[in-house]
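K.L.:
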Amino acid sequence: LKSGATVILSGTVAFPKSTTLTGNYHWLTVTGSGITFESDSTNEGILYGNGQLYWDGKGANGGVNKPKFVSIRDQLSRESRSSIHRFIVSESEAAAI
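To convert, count from 1 in the sequence shown and add 162; that's this note's numbering.
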């Protein structure tokens, strides 16, 4: 994203089950410097992972491959200060953020 961008999540974003997960897979990656990722104040932002489709009783590192849900990658510098706030993560596959 462009430096200083604001991403506002409004409503529910549901992630489907993928049958082709390989490597270090993330459903959503936000990258940039000074990024604000937040929920809409009038329509709560919900990231719904459908984790129950991956739950096999073998934990995050066993059984079927499970994606990492959300990755926030700040372009590291002392001035960047990205932030995430005011949204809900529901039914995560394994590791949420």
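No residue lacks a Cβ here, since even glycine has one placed at the ideal position from N, Cα and C.
All of these numbers come straight from a predicted model, not from anything done at the bench.
If I measure Cβ to Cβ from I197 and keep anything under 6 Å in the same chain, skipping five residues before and after, which residues do I get?
P.N.:
Same-chain partners within the cutoff: L163, A167 and S244.
K.L.:
Which stretch, first to last residue, makes up the beta strand (DSSP E) that contains T191?
P.N.:
From DSSP, the beta strand (DSSP E) with T191 extends over H188 to G194.
K.L.:
Who are the Cβ neighbours of L215 in its own chain at under 7 Å, not counting the five residues just before and after it?
P.N.:
Around L215: K179.
K.L.:
Since S203 is in the beta strand (DSSP E), which residue starts that stretch and which ends it?
P.N.:
First-last for S203: undefined, no H or E at that position.
K.L.:
Can you list, in chain order, the residues of its chain with a C-beta nearer than 6 Å to that of R248? Leave out the 5 residues immediately preceding and following it.
P.N.:
The residues are E200 and S201.
K.L.:
Among all the DSSP beta bridges, which residues are the ones paired with Y210?
P.N.:
In the DSSP output, where bridge partners are listed per residue, Y210 has A176 and S252.
K.L.:
Excluding sequence positions up to five away, which residues of its chain have a Cβ less than 8 Å from the Cβ of I170?
P.N.:
Answer for I170: E200, S201, D202 and G207, listed in chain order.
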